[in-house]
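In the working numbering, the protein residues as written are 2 to 481. Think of the CB as a built atom: it goes at the ideal place given N, C-alpha and C, for glycine as much as any other residue. None of the values given here were measured: they were computed from a predicted structure. Input: a single structure, listed below in structure tokens.
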Ligand code: SAH
Ligand code: SF4
Ligand code: F3S
């Protein structure tokens, strides 16, 4: 066991002080590190796993890696919790309510384990990177068998085997800057659209945000690895890729080469994949070359998620976002002017520490100006270890709820208006599958959900759809 000078007594437990560190240490690109030992390849034989995923697309994609690793150990997937011999929760730490959901679900797992003690349970993802969460699991959830962090997915076979052999809680969480792993296997959820990581981690350290602590430093993948992955997807019949990163616009800045997001977008476009999306875009690094790439390449979708967070310069500064309301609107207008039919969505936080009624009014003003296609809106949530958690949170919960309500009313109004423009028009939709009500569903190039009448033969195809009805969050249509 190693002892760190900063208080942590074991390198396998999360440590916020470590997680915060950024050094100039070279990022290792690991192409051969994932191995499942021969004696572990049958560990999961006749056993089923159930994995529940919270949080962002990056977590969804991590779960696709975890599934493939478990299948390399002969586990079989089940979508029925009651059938599972192994239950994993891949968690998100972004807001307090994400925590509450996980601890709520753990109650169900505990109950199941009481009648079936052989069940193995585990927690991974961003919550596993949090000191307070892991302490709580060590103290009060001793029956949780494994805990592993976002940097420890590669070692899942050994973590699982050790816990099963010793019949003890096994925790392995590294709070490191991180490497780039290139040979993790993947079991994709869809046959038509794929998540492709282009970078890991984040160095922006917005003052409210936990991600830079849970995911390590910004590490871009080398272009050739990304392009080869997309080429392989094209060969396997995939229609759409979403390039993933916390700040895709900053792609390449950490690589020692003159190659940025605009270059990557153009090279990915050349693979011939039908649809390219990317998320998330931080306004800070959005350069003209990137805008031109989107404009020039027909297979880059006219859809940009551009988080605003706040419309008040004072709050933006406290948040560490490094743009002003004016700069944001300037970028917004540039995108609208250059990319035909572009759809723009956003994220907004209300009730940041010290947010006054006037600050909030400025946020509403930006929404009135930008008339977003849609927006994700949140009440500020204090995350332990972040600078904002030390700021005085002087806005009452009642006030925060009131602001959220008012903001949502406005956002919904514009979302509905944006959707109305599609009524009685023809639009291209990639049909992804059958929805809950038995109809087909898919997305437009602008990322609008469409419920479609038509035959199942259209699944996996891009078809022309006539929009016959419009709702705030979705469109209805029929194939023409
Ligand atoms: N990398 C992305 C954001 C990822 S988190 C970006 O910078 O745009 C997704 C959204 O969650 C953020 O845009 C923000 O609006 C929200 N969020 C993050 N931390 C939060 C917190 N502590 N409280 C409330 N909302 C938060
Ligand atoms: Fe969080 Fe900011 Fe990084 Fe986005 S850019 S992940 S909000 S720190
Ligand atoms: Fe949540 Fe981690 Fe994603 S905190 S939003 S799962 S990077």
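Handout entry: Within the stretch 269-313, ranges of the alpha helix (DSSP H) (whole runs, at least 4 residues)
Key = 289-297
Problem - Check whether residue 435 and residue 462 have beta carbons under 8 Å apart - result: no
Exercise for the section: Check whether the Cβ of residue 213 sits closer than 7 Å to any heavy atom of ligand 1, and report yes or no. Expected result: Result no, Cβ not under 7 Å from ligand 1.
Exercise for the section: State the start and end residues of the unbroken alpha helix (DSSP H) segment that holds residue 176. Expected result: Looking at the DSSP string, residue 176 is not in any alpha helix (DSSP H), and its letter there is neither H nor E.
Exercise for the section: Grab me the residues of residue 413's own chain with a C-beta within less than 6 Å of its C-beta, minus the 5 sequence neighbours each way, in chain order. Expected result: 473
Practice task
Identify the continuous alpha helix (DSSP H) that holds residue 371 and give its terminal residues.
Solution key: Its alpha helix (DSSP H) spans residues 358-371.
Handout entry: Contact check, residue 319 vs residue 428, beta carbons under 8 Å
Key = no
Problem - Cβ pair residue 266, residue 240 closer than 8 Å - result: no
Problem - For residue 421 and residue 479, the rounded distance between their alpha carbons - result: 16 Å
Practice task
Could you say which of 305, 270 and 306 lies nearest to residue 297 if we only look at CA atoms?
Solution key: 270
Practice task
To the nearest angstrom, report how far apart residue 68 and residue 256 are at their CA atoms.
Solution key: C-alpha separation (whole angstroms): 30 Å.
Exercise for the section: Compute the Euclidean distance between the alpha carbons of residue 155 and residue 74, then round it to the nearest angstrom. Expected result: Cα atoms of residue 155 and residue 74: separation of roughly 13 Å, rounded to the nearest angstrom.
Handout entry: Sequence-distant residues of the same chain with beta carbon closer than 8 Å to residue 7, five excluded per side
Key = Reliability of the predicted coordinates at residue 7 is poor, the pLDDT of 37 falling under 50, and no value is obtained from them.
Problem - Residue from 376, 229, 405 and 102 whose Cα sits closest to the Cα of residue 351 - result: 405
Exercise for the section: Assuming residue 100 and residue 59 form a contact by the criterion Cβ under 8 Å, report the distance between their Cβ atoms to the nearest whole angstrom. Expected result: Contact between residue 100 and residue 59 is ruled out by a C-beta separation of about 18 Å, above the 8 Å threshold.
Exercise for the section: In angstroms with no decimal places, state the Cα-to-Cα distance between residue 261 and residue 344. Expected result: 23 Å
Handout entry: Start-end ranges of the beta strand (DSSP E) lying completely within the stretch 194-245, minimum 3 residues
Key = 194-198 and 241-245
Exercise for the section: Identify every residue that forms a DSSP beta bridge with residue 444. Expected result: 431 and 450
Practice task
Output yes or no for whether 8 Å exceeds the beta carbon distance between residue 72 and residue 192.
Solution key: no
Handout entry: Exposure label - residue 4; buried when at least 16 CB within 10 Å
Key = Annotation note: pLDDT 41 at residue 4 (below 50); position unreliable, coordinate value reported separately. Result: exposed.
Exercise for the section: Check whether the stretch 171-180 touches the stretch 144-160, taking contact to mean three or more Cβ pairs, one atom from each stretch, closer than 8 Å. Expected result: By the C-beta criterion, the stretch 171-180 is judged to be in contact with the stretch 144-160, since at least 3 inter-stretch pairs fall below 8 Å.
Exercise for the section: State yes or no: is the C-beta of residue 287 nearer than 7 Å to some heavy atom of ligand 2? Expected result: no
Exercise for the section: Could you check if residue 10 is buried or exposed, using at least 16 other CB atoms within 10 Å of its CB as the buried criterion? Expected result: Low confidence applies here, because residue 10 scores a pLDDT of 44, under 50, leaving its location unreliable; read the following figure in that light. It counts as exposed.
Handout entry: Strand pairing of residue 482, partner residues [DSSP]
Key = Since the first and last residues shown for the chain are 2 and 481, residue 482 lies out of range.
Practice task
Counting only the same chain and skipping the five closest in sequence on each side, list residues whose C-beta sits under 8 Å from that of residue 194.
Solution key: The residues are 239, 240, 241, 242, 243, 276, 431 and 433.
Practice task
Would you please state the rounded distance, in angstroms, between the beta carbons of residue 378 and residue 349? I believe it to be under 8 Å.
Solution key: So it is a contact: roughly 5 Å between Cβ atoms.
Practice task
Compute the distance between the beta-carbons of residue 249 and residue 282, then report whether it is under 8 Å.
Solution key: yes
Handout entry: Continuous beta strand (DSSP E) stretch holding residue 479: start and end
Key = 476-480
Practice task
In the DSSP assignment, find the unbroken alpha helix (DSSP H) run with residue 89 in it and report its ends.
Solution key: That residue, residue 89, is in no alpha helix (DSSP H); its beta strand (DSSP E) goes 87-92.
Exercise for the section: Let me know the secondary structure DSSP gives residue 18 once reduced to three states. Expected result: helix
Exercise for the section: Would you mind giving the Cβ-Cβ distance between residue 365 and residue 408, rounded to the nearest angstrom? I have them listed as a contact below 8 Å. Expected result: 7 Å
Exercise for the section: Check whether the Cβ atoms of residue 287 and residue 332 sit closer than 8 Å, and answer yes or no. Expected result: yes
Handout entry: Cα-Cα separation, residue 450 to residue 180
Key = CA-to-CA, the gap between residue 450 and residue 180 works out to about 36 Å.
Problem - Distance cut-off 7 Å: residue 283 Cβ against heavy atoms of ligand 2 - result: Yes.
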